[in-house]
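In this note's numbering, the protein residues as written are 20 to 180. Every residue, glycine too, gets a C-beta built ideally from N, C-alpha and C. None of these values were measured; they are calculated from a predicted model. Notes follow once the structure below has been shown.
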């Protein structure tokens, strides 16, 4: 997984210590209800598309950029579905991080799903009843949150308590 340059710079100062970072994820949907997933190259798990915004970058444009860079798909963010803190994660290089993840629902606009960078081994569209395995636990939670939001949008995003 490529490490954003601002994190690389921070790591030269603090080593592998815990960093609290913003995270963005998208449950990208086509009109037929299929969901865009990528098989992560760092752990081999299928997951919704996610990323880290650059300092000063607004979440929605950052996420739309990440979706296109990682998958070749152009999508438009529709709504914020949930806000959750992830568990503490130790990455393969020893870096420790925890993310405040903003999970959005986005709609497919155009493009053909393809691997766009080295963050994914594969990308594709999957019907909710035919999701690939192994599926990241965080993706199961994000899909559940998106479904709950879509079922009750007037309730606003899910806020973990």
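Separation of residue j from residue i, as counted between CA atoms
{"i": "residue 154", "j": "residue 98", "result": "23 Å"}
{"i": "residue 131", "j": "residue 158", "result": "22 Å"}
{"i": "residue 33", "j": "residue 116", "result": "12 Å"}
{"i": "residue 178", "j": "residue 119", "result": "11 Å"}
{"i": "residue 96", "j": "residue 39", "result": "24 Å"}
{"i": "residue 86", "j": "residue 104", "result": "21 Å"}
{"i": "residue 82", "j": "residue 142", "result": "16 Å"}
{"i": "residue 147", "j": "residue 162", "result": "9 Å"}
{"i": "residue 149", "j": "residue 31", "result": "43 Å"}
{"i": "residue 77", "j": "residue 121", "result": "12 Å"}
Beta-carbon contacts of residue i that lie in its chain and below 6 Å, excluding the five residues immediately before and after
{"i": "residue 165", "result": "46, 100, 124"}
{"i": "residue 140", "result": "58, 60"}
Beta-bridge partners of residue i, as assigned by DSSP
{"i": "residue 109", "result": "115"}
{"i": "residue 67", "result": "Looking at the DSSP assignment, residue 67 forms no beta bridge with any residue, so it has no partner."}
{"i": "residue 126", "result": "48, 95"}
{"i": "residue 41", "result": "119"}
{"i": "residue 101", "result": "122, 177"}
Buried versus exposed, by CB contacts within 10 Å (16 or more), residue i
{"i": "residue 66", "result": "buried"}
{"i": "residue 152", "result": "exposed"}
{"i": "residue 68", "result": "buried"}
{"i": "residue 42", "result": "buried"}
{"i": "residue 25", "result": "exposed"}
N- and C-terminal bounds of the beta strand (DSSP E) containing residue i
{"i": "residue 139", "result": "139-145"}
Cβ-based neighbour list, residue i, same chain, cut-off 7 Å, excluding 5 preceding and 5 following
{"i": "residue 92", "result": "47, 55, 86, 127, 130, 132"}
The alpha helix (DSSP H) enclosing residue i, as first and last residue numbers
{"i": "residue 27", "result": "24-33"}
{"i": "residue 161", "result": "156-170"}
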